[in-house]
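J.: Below is a structure I'd like to ask you about.
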Amino acid sequence: MPVPPRLRSLARHPLFVMWAFVAFSLLVKENYPFSHFPMYSHVAPETHYFYLTDGEGNNLGTKTNFGMAASNLKKKYHSYLTALAEQREKEAGHRIKASELPASDQETCGQKLFDYILERGEHRGKWTRNKPDIIRLRRADIQRKGSELIETNRLIAERKLTGSPQNPPAD
């Protein structure tokens, strides 16, 4: 089948490939495998996140109080877990995953995280004015079972804070 001369001259134009790609992209839209977001091609059946609460279970905003995103809270905690797992590996002489550390080690890493975020919070006037008597690090696990999402929460670490309006330091 012969190609018309007008179409042949258009195909030689420097922008032809770009316009052909634009037309193709508009046609297939955001459908896998042509998506710009390949991480959404497979959703994991389970995930988790961390958050902070006060003694009554009220959420303490990490961005507002400590100047860090909740996702960075998770990353920082996991960095402490990984470092401790590597230390335990050297002591034991075999591989130990961070996820296999006992609750006591997880609590130790939670206390290190408290040291880090409380130091950050001291530099923010809002945190020092509204400091609760207790701060808790909680983990929320989300699992997909069939068409349901199931969320379970558990306490990782807890710290009583002295010098808060509810818990002043002893003289």
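FYI, the numbering for the sequence shown is 23 to 193, going by the numbering used here.
Note that the Cβ used here is the ideal one computed from N, Cα and C, for glycine as well.
Predicted model, so just to flag it, every value in this text is computed and none were measured.
May I ask you to report which of helix, strand or coil DSSP gives Arg-34?
T.: If DSSP states are grouped into helix, strand and coil, Arg-34 belongs with coil.
J.: In three-state terms, what does DSSP make of His-116?
T.: coil
J.: Taking DSSP as the reference, what is the three-state secondary structure of Asp-155?
T.: Looking at Asp-155 - three-state DSSP - the assignment turns out to be coil, as it is neither helix nor strand.
J.: Which value, in whole angstroms, describes the spacing of the CA atoms of Gly-168 and Ala-45?
T.: 38 Å
J.: Does the distance from the CB of Ala-179 to the CB of Gln-133 come in under 8 Å?
T.: The Cβ atoms of Ala-179 and Gln-133 sit closer than 8 Å to each other.
J.: Any idea if Gln-201 is buried or exposed, counting beta-carbon neighbours within 10 angstroms, 16 or more meaning buried?
T.: Lying outside 23 to 193, the shown extent of the chain, residue 201 is not represented and no answer is given.
J.: Could you please give the first and the last residue of the uninterrupted beta strand (DSSP E) stretch that includes Ala-125?
T.: That residue, Ala-125, is in no beta strand (DSSP E); its alpha helix (DSSP H) goes 125-144.
J.: What is the rounded straight-line gap between the Cα of Leu-177 and the Cα of Gln-165?
T.: 18 Å
J.: Does the segment 91-105 come close enough to the segment 65-82 that 3 or more CB-CB pairs lie under 8 Å?
T.: The segment 65-82, when compared against the segment 91-105, does touch it at the 8 Å Cβ threshold.
J.: Just how far apart, CA to CA, sit Lys-51 and Ala-42?
T.: Spanning the two alpha carbons is a distance of roughly 14 Å.
J.: Taking Leu-140 and Leu-123 to be in contact with their CB atoms under 8 Å, please state how far apart those CB atoms are, rounded to whole angstroms.
T.: Leu-140 to Leu-123, Cβ: 23 Å. No contact.
J.: Going along the chain, which unbroken runs of the alpha helix (DSSP H) with 4 or more residues stay wholly within the segment 57-101?
T.: 84-88
J.: Report the three-state DSSP secondary structure of Thr-174 (helix, strand or coil).
T.: Assigned with DSSP and collapsed to three states, Thr-174 falls in strand.
J.: Thinking C-alpha only, which one of Thr-174, Arg-158, Glu-170 is nearest Arg-181?
T.: Arg-158
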